[in-house]
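Reading through the structure tokens given below for one structure.
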Amino acid sequence: MFLGLIFCKLHDACSVQLSSVGGFADSGLYAAAEFRIPASCMDLELYTADDKFVMKLDSDEALLGSYPIDDGCRIHVIDRSGARVGEYEDVSRVEKYEMSATDYEKRPDSVRSFLKRSKVGKFNEEEMLKKEAEQEQKLAEEKALAEAISVGARCEVRVSGQPNKRGTVMFVGLAEFKPGYWIGIKYDEPLGKNDGSVGGKQYFECQPKYGAFMKPQYVTVGDFPEEDYGLDDEM
6 MFLGLIFCKL HDACSVQLSS VGGFADSGLY AAAEFRIPAS CMDLELYTAD
56 DKFVMKLDSD EALLGSYPID DGCRIHVIDR SGARVGEYED VSRVEKYEMS
106 ATDYEKRPDS VRSFLKRSKV GKFNEEEMLK KEAEQEQKLA EEKALAEAIS
156 VGARCEVRVS GQPNKRGTVM FVGLAEFKPG YWIGIKYDEP LGKNDGSVGG
206 KQYFECQPKY GAFMKPQYVT VGDFPEEDYG LDDEM
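Each residue of the sequence shown is one higher than the last, beginning at 6 in this note's numbering.
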């Protein structure tokens, strides 16, 4: 036996069609569990498959089998609790406690106060200065390596655990996609990841899969002629 359930909120004139359900004995108990409202706040009405009213299901003790129910019938559930649809879902209507940044700063039991006392993260001035100095040193080293590389130079990319790749330097400098200095390379073969663009910005022109960006420490410039991979040999 399969039934349809229609749920209607009195004040909102809103109905929700549920998927067919079956195998339950007490209609009020099922509806209460399904809609999260007490059975005492609901009126249940039985309708035929062609939407004709049959009767009210007003007995808390009666089982569904005691009613004249056929396949395709539906039970209309009317909520008389007075609650509106979404009444407890719109958090913008909930009164909140708000505290100013100044008052929060003064609280001794806040997370910020704990971090300050423990000198964690940005509240550890000595550690932050150390990290800042390390970043500046790293950037200076990258800049020095990048300045020794010229656009148009032949190069070889050497990364531990990967085969060496040869190509031509197409870009040297700072980029928007990540901090630091980068070397844009057009590989001799489609061994790259892009066409010279990253994040919608074109840094140089090349065919798709021929372009790549590497940190200066992985790029060696010199006399690196194109290698013959034999890709054009006829069989």
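Each residue gets a CB set at the ideal place from its N, CA and C atoms; glycine is no exception.
Item: Does ASP84 come out as helix, strand or coil in the three-state DSSP assignment?; Value: strand
Item: Using DSSP with H/G/I as helix, E/B as strand and the rest coil, what is ALA38?; Value: For ALA38, the predicted structure reports a pLDDT of 47, less than 50, and the residue's modelled location is therefore unreliable. A value from the coordinates is still provided. DSSP places ALA38 in helix when its eight states are reduced to three.
Item: What span of residues does the alpha helix (DSSP H) with LEU120 cover, start to end?; Value: 116 to 123
Item: What are the boundary residues of the beta strand (DSSP E) that ALA217 is part of?; Value: 216 to 219
Item: Measure the C-alpha to C-alpha separation of SER45 and ASP76 and round it to an integer number of angstroms.; Value: 27 Å
Item: Have a look at CYS211 and ASP200 and give me their C-alpha separation to the nearest angstrom.; Value: 5 Å
Item: Sorted by chain position, which residues of the same chain lie with C-beta nearer than 6 Å to GLY189's C-beta, five sequence neighbours on each side aside?; Value: MET175, PHE176, TYR208, PHE209, PHE218
Item: Is the CB of HIS81 under 8 Å away from at least one CB in chain C?; Value: As a matter of chain content, chain C is missing from the structure shown, which is built from one protein chain.
Item: Using alpha carbons as the reference points, say which of VAL116, LYS206, VAL164 lies closest to LYS220.; Value: VAL164
Item: Check each candidate in PRO195, GLU50, ALA180 and name the one with the smallest Cα separation from ASP84.; Value: GLU50
Item: Can you look up ARG48 in the DSSP assignment and give me helix, strand or coil?; Value: Looking at the sequence itself, residue 48 is Asp, so the reference to Arg does not match. DSSP places ASP48 in strand when its eight states are reduced to three.
Item: Assuming LEU179 is part of the beta strand (DSSP E), what are its boundary residues?; Value: 170 to 179
Item: From the DSSP output, which residues share a beta bridge with TYR192?; Value: GLY172
Item: Alpha carbon to alpha carbon, how far is ILE80 from SER71?; Value: 14 Å
Item: Let me check understanding here. Comparing Cα to Cα, which of THR225, GLY197, GLY205 lies closest to PHE182?; Value: GLY205
Item: Using a 10 Å radius around the Cβ and a threshold of 16 neighbouring Cβ atoms, would you call GLY166 buried or exposed?; Value: exposed
Item: Quick check on THR173: buried or exposed, where buried means 16 or more other Cβ atoms within 10 Å of its Cβ?; Value: buried
Item: First and last residue of the alpha helix (DSSP H) that includes MET133?; Value: 130 to 152
Item: Which same chain residues end up closer than 6 Å to GLU161 when comparing Cβ atoms and leaving out the 5 residues on each side of it in sequence?; Value: ASN169, ARG171, THR225, PHE229
Item: Would you mind sorting ALA151 into buried or exposed? The rule is 16 or more other CB atoms within 10 Å of its CB.; Value: buried
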